[in-house]
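**Q** This is the structure I want to talk about, given as structure tokens.
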Amino acid sequence: MSRRVRLLLFACAGPGLLAVLLIGLHGLPAFGDFHGVYGLLVDHVEPGQRHATDVVTALNFDLRAFDTLGEEFILFASVSGVALLLRHLRDEDEDLESSRSVADHRFAGASDALRVLSLVLIPLLVSLGVYLALHGALTPGGGFQAGVVLAAGPLAILLAGRYLALKRVAPQWMLEAADATGAAAYALIGVGGLIFASVYLKNFLPLGTSGHLLSAGMMPLNSIAVGLEVTGAFLLTWTEFLDQDLLVAREEL
Amino acid sequence: MSALQAVALLVVVVGGTAMVLVPDPLRQTLVLSVYGLALTLLFFVFQAPDVALSELVVGTVGMPVIILAALRKIAKHAAMREQEEQGDGE
Amino acid sequence: MNFAPFAAAAWLFVVGLYGVVSSKHLVRTVLSLTVVQSSTYLVLLGVGYRHGGHAPIVADIPTKAKLVDPVVQVLVLTDVVIEATVLALLLALVVQAHKRFGSVDPAELRPLRD
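Quick note, the sequences are listed as chains Z, U and R, same order.
Positions 556 to 808 (my numbering) are the ones given, in order, by the first sequence.
Positions 913 to 1002 (my numbering) are the ones given, in order, by the second sequence.
Positions 215 to 328 (my numbering) are the ones given, in order, by the third sequence.
This is the structure in structure tokens:
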């Protein structure tokens, strides 16, 4: 339908939707007055039972680990979809274009200041990512945050204008391997719970002392697996989208 | 509700409205970056540091890089198509 | 004043939908979906908040202290990261659509009929 008809329909339906949403949200308990029992119970019970001081990560990777399994496979599926679509597209394009030599490619205009900045940023981001993955059970952090921060590290190489260096540091087979390994490792750690504690994804490793690095059983392992998967997924998505654009840019110099 | 929370909420609402009203997709990407930062601040003020950490990287760097690359791909295909049509016309 | 986060979420939802409906460029549609998403984050976090509650990290505060609800934070946390990749999939579809039809205007996309 044409844009005008769409806008006309929205002019009738939009205010109605806003009114219905406001009336519906009015039925919720007032902001700041939450009475949910499950959250209260988890807050009081979890640090004694699971020896993890970060309740959110404990929920993510231990108490509700099955939901995280589903979520990480959504991630895996969408990245596979992106790779499939864009590689199919790239094969079609290569029939039309002749191959060009791309010996020492750099962006026109990536200044020295940008390169020095990314030189400082890369070790910072990588170490922050590793810290977040390992300390997920103790402080704010965990697999998902660590994965995205770790993925931003090699992206800073792109910022310095060295796309081919990025391809050498993070070649495609390595990213695919990281993505697949992370997803499989999470599912297999659950099997460990099945073998040693007779419940899939139950915490079966020794729980240790709360506040120490090697505590909370299998939570750090799960965290590292998810971090690996998210890093691989994001870098794969970025390189898939960026792939052909930059190889052609040398002619514009 | 504290003053900090009210201000953060206001910035988020203004940012969201701005993102919809900006006409050009390229400019919208830059507004998305700032919107991600505003959301991070809001999540932090709502006592959710884990969420703020993930939104920080995804909203400011993760999404805009993907969108910019997609826009670049579209422009490149459009240029290739124009070149083909010019080549056919000659 | 206590209803403000939910009102803001409802407004963002409708404004995002307006962006989806009125866009002339498919990438703008995808970006307006981001705004709709963030309204759901606001609702979830608004529901779980408690006045005077701390963040749910018990490393340095006693366990019996008042904490905000951690369950909604788990939902929003995984959602933020995963929706980024889902939007990447949508953008890959937009790129493919442009290649097939030559335009990113939603009004000009129609099934091939010749």
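Ideal Cβ placement from N, Cα and C applies to all residues, glycine included.
Looking at GLY591/Z and ASP283/R, is the spacing between their C-beta atoms short of 8 Å?
**A** A contact, by the Cβ cut-off of 8 Å.
**Q** Using the rule of at least 16 other Cβ atoms within 10 Å of the residue's Cβ for burial, across every protein chain shown, is SER770/Z buried or exposed?
**A** Buried: at least 16 other Cβ atoms inside 10 Å.
**Q** Can you say whether ASP936/U is buried or exposed, counting buried as having 16 or more other CB atoms within 10 angstroms of its CB?
**A** Exposed, since its Cβ has fewer than 16 Cβ neighbours within 10 Å.
**Q** Please say whether THR608/Z and ALA273/R have beta carbons closer to each other than 8 Å?
**A** Cβ atoms of ALA273/R and THR608/Z: closer than 8 Å.
**Q** Alpha carbon to alpha carbon, how far is ALA920/U from LEU951/U? Give it in angstroms, no decimals.
**A** For LEU951/U and ALA920/U, the distance between alpha carbons rounds to 8 Å.
**Q** Which residues in the same chain have their Cβ closer than 8 Å to the Cβ of GLU996/U, if we skip the five residues on either side of it in sequence?
**A** There are no such residues.
**Q** Roughly how many angstroms separate the alpha carbons of GLY582/Z and ALA915/U, rounded to a whole number?
**A** In a straight line, the C-alpha of GLY582/Z is about 25 Å away from that of ALA915/U.
**Q** Which residues in chain R sit within 9 Å of LEU721/Z, going by Cβ to Cβ distance?
**A** Near LEU721/Z there are no residues of chain R at all, since even the closest Cβ is about 18 Å away, more than 9 Å.
**Q** Buried or exposed: PHE796/Z, going by 16 or more other Cβ atoms within 10 Å of its Cβ?
**A** Label assigned to PHE796/Z: buried.
**Q** Counting contacts by CB-CB distance shorter than 8 Å, is LEU231/R in contact with chain Z?
**A** Cβ-Cβ to chain Z under 8 Å: yes for LEU231/R.
**Q** Start and end of the alpha helix (DSSP H) containing GLN940/U?
**A** Taken as a continuous stretch (DSSP letters only), the alpha helix (DSSP H) holding GLN940/U covers 937–957.
**Q** Checking 8 Å against the spacing of the C-beta atoms, do VAL241/R and VAL318/R come in under that value?
**A** Cβ atoms of VAL241/R and VAL318/R: closer than 8 Å.
**Q** Using a beta-carbon distance below 8 Å, is THR952/U in contact with chain R?
**A** So no, THR952/U is outside the interface.
**Q** By the DSSP assignment, the alpha helix (DSSP H) with PHE759/Z in it spans what residues?
**A** Segment: none, PHE759/Z is in no alpha helix (DSSP H) and carries neither H nor E.
**Q** Measure from the C-beta of GLN700/Z to each C-beta in chain U and report whether the shortest distance is under 8 Å.
**A** So yes, GLN700/Z belongs to the interface.
**Q** Closest to THR794/Z by C-alpha separation, out of LEU624/Z, SER666/Z, ARG717/Z, would be which residue?
**A** For the residues LEU624/Z, SER666/Z, ARG717/Z, the minimum Cα distance to THR794/Z belongs to ARG717/Z.
**Q** Put GLY587/Z into one of helix, strand or coil per three-state DSSP.
**A** Three-state result, GLY587/Z: strand.
**Q** Please return the same chain residues whose Cβ sits closer than 7 Å to the Cβ of VAL637/Z, not counting the five positions on each side in sequence.
**A** These residues qualify, in order along the chain: THR792, GLU795.
**Q** Which whole-angstrom value is the C-beta distance of ASN500/Z and GLY684/Z, which I expect to be below 8 Å?
**A** A query on residue 500/Z cannot be resolved here, the shown segment of chain Z reaching from 556 to 808 and no further.
**Q** Go through its chain and collect everything with a Cβ distance to GLY702/Z's Cβ below 6 Å, but skip five positions before and after it.
**A** Cβ neighbours of GLY702/Z beyond the five flanking positions: GLY782, VAL785, THR786.
**Q** Just the Cα atoms here: how many angstroms apart are LEU669/Z and GLU967/U?
**A** Looking at the two C-alpha atoms, the distance is approximately 24 Å.
**Q** For ASP319/R, which three-state DSSP category applies?
**A** Three-state result, ASP319/R: coil.
**Q** Quick one: residues in its chain with C-beta nearer than 7 Å to the C-beta of TYR263/R, no 5 flanking neighbours on either side, listed in chain order?
**A** Result list for TYR263/R: VAL282, in chain order.
**Q** Would a check of beta-carbon distances place PRO276/R closer than 8 Å to chain U?
**A** For PRO276/R, the answer is no, since every Cβ of chain U falls outside 8 Å of its Cβ.
**Q** According to DSSP, is LEU769/Z helix, strand or coil?
**A** Reduced to three states, the DSSP call for LEU769/Z is coil.
**Q** Between which two residues does the alpha helix (DSSP H) carrying PRO961/U extend?
**A** PRO961/U -> alpha helix (DSSP H) spans 961–969.
**Q** Which residues in the same chain have their Cβ closer than 6 Å to the Cβ of LEU644/Z, if we skip the five residues on either side of it in sequence?
**A** Closer than 6 Å at the Cβ level, and outside the excluded window around LEU644/Z, lies no residue.
**Q** Cα separation between LEU760/Z and LEU768/Z?
**A** Each residue's Cα considered, the two are about 14 Å apart.
**Q** Pull up the DSSP beta-bridge partners for ARG264/R, would you.
**A** DSSP, once it has assigned bridges, lists GLY587/Z, ASP588/Z as partnering ARG264/R.
**Q** Flag ASP936/U as yes if its beta-carbon sits less than 8 Å from any beta-carbon of chain Z, otherwise no.
**A** With 8 Å as the cut-off, ASP936/U does not count as an interface residue toward chain Z.
**Q** How would you call PHE789/Z, buried or exposed, if buried means at least 16 neighbouring beta carbons within 10 angstroms?
**A** Classification for PHE789/Z: buried.
**Q** Under 8 Å, Cβ to Cβ, is there at least one residue of chain R near PHE586/Z?
**A** So yes, PHE586/Z belongs to the interface.
**Q** Can you list, in chain order, the residues of its chain whose CB lies under 7 Å from that of PRO976/U, leaving out five sequence neighbours each side?
**A** These residues qualify, in order along the chain: THR941, LEU944, SER945.
**Q** Tell me whether ILE986/U is buried or exposed, calling it buried when 16 or more other Cβ atoms sit within 10 Å of its Cβ.
**A** Classification of ILE986/U: buried, given that the 10 Å Cβ count is 16 or more.
**Q** Per DSSP, which residues does ASP609/Z bridge with? Please list them.
**A** BP columns for ASP609/Z point to ILE271/R.
**Q** Under a CB-based cut-off of 8 Å, is SER656/Z close to chain R?
**A** Because the pLDDT at SER656/Z is just 39, under 50, the model does not fix this residue reliably, and the point stays unresolved.
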